[in-house]
Amino acid sequence: MKNFLIAFHSPHPGGGSGTARRALIPAGVLALAAAVLVVPAVLPAFGRQAADKKSEAASGPKVECVLGLEHVKHHASGTLTVAGDALQFSSDKGKADIPIASIQDLFTANDSKQVFGGLKGTVLKAGVPYEGGRVLSLFSKATEVLTVEYRDADNGFRGAIFILHRGQATVIKRELVAKGAKASIPPEAPASEEKKP
Amino acid sequence: MKNVTRLSVAFSLGIAVAACAFMLAPGSLAAQTPPPPSVSTKEPPPKPKPTIKASAILIEPVDPGDVLMPPDFQVAVYEYLVEQVTRTKKFAHVYRSGDKEAANVPDLVTLRTKAEYFKMGSEKKREVTTVAGSTKIRLKLLITNHEGKVLADPDVEGSVHFFGGNLNAAYDFAKNVAEVIRGIFI
Numbered sequence: 003m004k005n006f007l008i009a010f011h012s013p014h015p016g017g018g019s020g021t022a023r024r025a026l027i028p029a030g031v032l033a034l035a036a037a038v039l040v041v042p043a044v045l046p047a048f049g050r051q052a053a054d055k056k057s058e059a060a061s062g063p064k065v066e067c068v069l070g071l072e073h074v075k076h077h078a079s080g081t082l083t084v085a086g087d088a089l090q091f092s093s094d095k096g097k098a099d100i101p102i103a104s105i106q107d108l109f110t111a112n113d114s115k116q117v118f119g120g121l122k123g124t125v126l127k128a129g130v131p132y133e134g135g136r137v138l139s140l141f142s143k144a145t146e147v148l149t150v151e152y153r154d155a156d157n158g159f160r161g162a163i164f165i166l167h168r169g170q171a172t173v174i175k176r177e178l179v180a181k182g183a184k185a186s187i188p189p190e191a192p193a194s195e196e197k198k199p
Numbered sequence: 006m007k008n009v010t011r012l013s014v015a016f017s018l019g020i021a022v023a024a025c026a027f028m029l030a031p032g033s034l035a036a037q038t039p040p041p042p043s044v045s046t047k048e049p050p051p052k053p054k055p056t057i058k059a060s061a062i063l064i065e066p067v068d069p070g071d072v073l074m075p076p077d078f079q080v081a082v083y084e085y086l087v088e089q090v091t092r093t094k095k096f097a098h099v100y101r102s103g104d105k106e107a108a109n110v111p112d113l114v115t116l117r118t119k120a121e122y123f124k125m126g127s128e129k130k131r132e133v134t135t136v137a138g139s140t141k142i143r144l145k146l147l148i149t150n151h152e153g154k155v156l157a158d159p160d161v162e163g164s165v166h167f168f169g170g171n172l173n174a175a176y177d178f179a180k181n182v183a184e185v186i187r188g189i190f191i
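Right, here's the structure in full:
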């Protein structure tokens, strides 16, 4: 950097440093042109991200409903919120509610780790033949799965599977359990609480 | 003259025997020609005709038993089961476990499933190798009538070998169960 400055502010314009300066000018022009082209293209993306975050905060995280909701097609995408006394999935094509009181159980990927991990899980896994004990997440590791077992209006058993961004399933589970939903495995405490002494 | 006749008879007999031997020889052309299709192609045994009639079926949730199966997979198996059994159109009503109306149906049959084997594969492995990473499940099916008499108890499998998510194994299983039901119920 120092050399660069020396070359640029050389007192001898006809010397070797002058040649360097001449060489640097087109490079600088090119860099400026690139910046002019790139910045307007990137700025709206940042704006969009911010807008997405704002809308997500307002309407709930974007999720994929794999299956299990009445009148909702498989793999429908929409938002998932805890609205009043129901878990609400909203998409462009409609809404579906699961009353919190009807929820029989809730699972996230972390619950599977709790169930199948640990000493008990290891012993269990060892006892299951033909790799039957090998349990991994069904979906990508960048996502988290929320499984909701509930009863419909006729008291029929139903199960819904949602794919969310990592960490969001636990947040929703915590919210639902706080409002009275049943869960055989209690949700993990938030990270901020864990850090407290 | 008699000798000539005897000679000609013996000669023709010899030719006939030689021709027969040629035809019956294992490497001969005649032996290589395929026998008529009606003899060679064994038709598969005819499927037994469905005999049981029921107006409604109740589907119970998957019993994982001792097999470690993720809850999302159990739920997926159940939901696909309900969907595929409904698609068979063998029953006027397909009830979910706990449905209040199911108890009032006199000829209700109940479908139970118990996990016997589960192997979680990897979609990435399947896509890369097309050989490794398959997901497989095997469940024991138990179909009982209203009195609890067992009508059928086959083992049904589901798997995903090449492309597709792990849940496709649950879908495959449900489709196979639907096939079993088509074979049992009128």
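Respectively, the protein sequence lines represent chains A and B. Using this note's numbering, you'd call the opening residue of the first sequence number 3 and step up by one each time. Using this note's numbering, you'd call the opening residue of the second sequence number 6 and step up by one each time. Built from N, CA and C at the ideal position, the CB exists for glycine as well.
In summary, the residues of the region 102-116 of chain B whose CB is separated from some CB of chain A by less than 7 Å are 102, 103, 104, 105, 106, in the order they occur in the chain. A contact is defined here as three or more CB-CB pairs under 8 Å, and the region 92-104 of chain A meets this definition with respect to the region 63-82 of chain A. Put simply, the CB of residue 145 of chain A is far from chain B, with every gap to its CB atoms at 8 Å or more. The three-state reading of DSSP puts residue 57 of chain B in strand, counting E and B together.
Contact annotation, residue 162 of chain B with residue 178 of chain B: C-beta distance approximately 7 Å; criterion of less than 8 Å satisfied. For residue 181 of chain B, the closest alpha carbon among the candidates B:155, B:104, B:144, B:115 is that of B:144. In the structure shown, residue 75 of chain A adopts coil according to DSSP, grouped into three states. Between residue 156 of chain A and chain B, the shortest Cβ-Cβ separation is below 8 Å.
Taking the CA atoms as reference points, residue 81 of chain B sits about 10 Å from residue 67 of chain B.
Scanning chain B for C-beta atoms nearer than 7 Å to the C-beta of residue 69 of chain A yields 81, 84, reported in chain order. In this structure, residue 117 of chain B sits near residue 147 of chain B, with a CB-CB distance shorter than 8 Å. Three or more beta-carbon pairs separated by less than 8 Å link the region 57-67 of chain B to the region 96-107 of chain B, which places the two stretches in contact. DSSP places residue 175 of chain A in the helix class (H, G or I) of the three-state scheme. Between residue 56 of chain B and residue 69 of chain A, the alpha-carbon positions lie close to 33 Å from each other. Not a single C-beta of chain B is nearer than 8 Å to the C-beta of residue 176 of chain A. Per DSSP, the continuous beta strand (DSSP E) segment holding residue 150 of chain A begins and ends at 145-153.
If you ignore the 5 residues before and after residue 125 of chain B, its C-beta comes within less than 7 Å of the C-beta of 140, 171, all in its own chain and listed in chain order. Excluding its 5 nearest sequence neighbours in each direction, residue 159 of chain B has C-beta neighbours in its own chain below 7 Å: 146, 185, listed in chain order. A Cβ of chain A is located within less than 8 Å of the beta carbon of residue 76 of chain B. Taken through DSSP and simplified to helix, strand or coil, residue 81 of chain A comes out as strand.
Nearest CB-CB separation between residue 161 of chain A and chain B: below the 8 Å threshold.
Taking 8 Å as the cut-off, the beta carbon of residue 182 of chain A is found closer than this to the beta carbon of residue 103 of chain A. Residue burial annotation: residue 175 of chain A is buried, with at least 16 other C-beta atoms found within 10 angstroms of its C-beta. With its beta carbon at least 8 Å from every one in chain B, residue 172 of chain A lies outside the interface.
Taking 8 Å as the threshold, the shortest C-beta distance from residue 149 of chain A to chain B falls below it. CA-to-CA, the gap between residue 74 of chain B and residue 123 of chain B works out to about 7 Å. Chain-order list of chain B residues neighbouring residue 109 of chain A: 75, 76, 77, 80, by C-beta distance under 9 Å. Within a 10 Å sphere around the beta-carbon of residue 155 of chain B sit fewer than 16 other beta-carbons, which makes this residue exposed.
Interface residue (Cβ-Cβ distance to chain A less than 8 Å): residue 49 of chain B is not classified as such. 66, 71, 72, 73: these are the residues of the region 55-74 of chain B whose beta carbon lies less than 7 Å from some beta carbon of chain A, given in chain order. If you compare the alpha carbons of A:149, A:63, A:72, A:97 with that of residue 186 of chain A, the shortest gap goes to A:149. If you ignore the 5 residues before and after residue 168 of chain A, its C-beta comes within less than 7 Å of the C-beta of 144, 145, 146, all in its own chain and listed in chain order.
In the DSSP assignment, residue 189 of chain B is bridged to no other residue. The Cβ neighbour count for residue 95 of chain B, taken over all protein chains shown within 10 Å, is at least 16; the residue is labelled buried. Following the DSSP letters along the chain, one finds residue 78 of chain B inside the alpha helix (DSSP H) bounded by residues 76-92. At a cut-off of 8 Å between beta-carbon atoms, residue 168 of chain A makes no contact with chain B.
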